[in-house]
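K.L.:
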Amino acid sequence: MSDTGIDTARRSFFSTLVRKTVDFTVRVADAQVIEQETNWMRPPFALDELQFLLACTRCGACKGACPHGTITILADRRGLKVAGTPVLDLLNKACHLCAGWPCVAACEPGALKLPLREEPPEGAPEVESPPPPRLADVRIDTQTCLPHTGPECGACAHICPVPGALVWNQCKPYIVPQLCVGCALCREACIVEPKAILVQSQHKAVTEKTSLIEIAG
Ligand code: SF4
Ligand code: SF4
Numbered sequence: 002m003s004d005t006g007i008d009t010a011r012r013s014f015f016s017t018l019v020r021k022t023v024d025f026t027v028r029v030a031d032a033q034v035i036e037q038e039t040n041w042m043r044p045p046f047a048l049d050e051l052q053f054l055l056a057c058t059r060c061g062a063c064k065g066a067c068p069h070g071t072i073t074i075l076a077d078r079r080g081l082k083v084a085g086t087p088v089l090d091l092l093n094k095a096c097h098l099c100a101g102w103p104c105v106a107a108c109e110p111g112a113l114k115l116p117l118r119e120e121p122p123e124g125a126p127e128v129e130s131p132p133p134p135r136l137a138d139v140r141i142d143t144q145t146c147l148p149h150t151g152p153e154c155g156a157c158a159h160i161c162p163v164p165g166a167l168v169w170n171q172c173k174p175y176i177v178p179q180l181c182v183g184c185a186l187c188r189e190a191c192i193v194e195p196k197a198i199l200v201q202s203q204h205k206a207v208t209e210k211t212s213l214i215e216i217a218g
């Protein structure tokens, strides 16, 4: 092989190696981001985690716009990639699914972004805001929920803003996972300590499927 041929083969070898290394690094970074996002719940209409991290400027505008103090900011100890980004503090405060989504409206870079809607035809009634996105997985701990263990309670009754998501059967509450959006308003209303309504990231693999409560009967 001529010198030129060897140079070309060498360049090709190194460019393939670099491409594979970059691909591998990106895959590892993606996997880390996906693994990390199981630890928290992003504000409504957040982009996919990787896109979100690229778009979010850590300005804190969504936190400032939330009238219920539901958004908090990840601390530096969480690592450079995510420090300063907003998350929902659903273990302590519920998301009220505000009309007009002020947190989303405050997000200028579009890290929180309403889905695109088609313009309604002229003269058609105004389109309502999009339905709430899923924020978290929520379930009832039947070991600590009062009606499930004996005494009556109705503290979380009538609090759910989503029709059919929190139902009562034989004086006991049940969450319908297909309808629940994970706002945690029922958890906020729960009078038991620790709370009998459990909230976790929707990205966390549900390993104990059977622990999800189905409607009895
Ligand atoms: S929808 Fe309302 S309550 Fe929920 S995070 Fe946004 S501003 Fe806060
Ligand atoms: S069941 Fe609870 S968490 Fe789910 S939508 Fe209703 S109030 Fe929100």
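Counting from 1 along the sequence shown, just add 1 to a position and that's the residue number in this note's numbering. Beta carbons: idealized from backbone N, C-alpha and C, even for Gly.
Go to residue 54, then tell me how far its alpha helix (DSSP H) extends in each direction, as first and last residue.
P.N.:
50-56
K.L.:
Relative to ligand 4, is the shortest distance from any of its heavy atoms to the C-beta of residue 66 smaller than 8 Å?
P.N.:
You won't find ligand 4 in this model; what it holds is ligand 1 and ligand 2.
K.L.:
Indicate, with yes or no, if ligand 2 has a heavy atom lying under 8 Å from the CB of residue 44.
P.N.:
Taking non-hydrogen atoms of ligand 2 into account, the C-beta of residue 44 is found less than 8 Å away from none of them.
K.L.:
What do you get for residue 173, buried or exposed, if any count of 16 or more other CB atoms within 10 angstroms of its CB means buried?
P.N.:
Counting Cβ neighbours within 10 Å, residue 173 comes out buried, since at least 16 surround it.
K.L.:
Any idea if residue 67 is buried or exposed, counting beta-carbon neighbours within 10 angstroms, 16 or more meaning buried?
P.N.:
Per the 10 Å Cβ criterion, buried.
K.L.:
Can you tell me whether residue 136 is buried or exposed? The criterion is at least 16 other CB atoms within 10 Å of its CB, across all chains shown.
P.N.:
By the neighbour-count rule (16 or more Cβ atoms within 10 Å), residue 136 is buried.
K.L.:
Hey, could you find the ends of the alpha helix (DSSP H) residue 150 is sitting in?
P.N.:
147-150
K.L.:
Return yes when the C-beta of residue 74 is under 8 Å from any heavy atom of ligand 1, and no when it is not.
P.N.:
Not so, every heavy atom of ligand 1 lies at least 8 Å from the Cβ.
K.L.:
Who's in the neighbourhood of ligand 2, going by beta-carbon under 6 Å from any heavy atom, listed in chain order?
P.N.:
139, 160, 161, 163, 166, 167, 176, 181, 182, 183, 184, 185, 186 and 187
K.L.:
Going straight from the alpha carbon of residue 207 to that of residue 38, what length do you get?
P.N.:
Caution is warranted here: a pLDDT of 41 is assigned to residue 207, below 50, making its placement in the model unreliable, and no coordinate value can be reported.
K.L.:
Pull up the CB-CB distance for residue 43 and residue 88, whole angstroms please, since I reckon it's below 8 Å.
P.N.:
A Cβ-Cβ distance of about 6 Å is found for the pair residue 43 and residue 88, placing them in contact under the 8 Å criterion.
K.L.:
Tell me, please, whether the segment 75-85 touches the segment 129-148 by the rule of three or more beta-carbon pairs shorter than 8 Å.
P.N.:
A contact is defined here as three or more CB-CB pairs under 8 Å, and the segment 75-85 fails this definition with respect to the segment 129-148.
K.L.:
Beta-carbon separation of residue 197 and residue 141 under 9 Å?
P.N.:
Pairing residue 197 with residue 141 gives a Cβ-Cβ distance under 9 Å.
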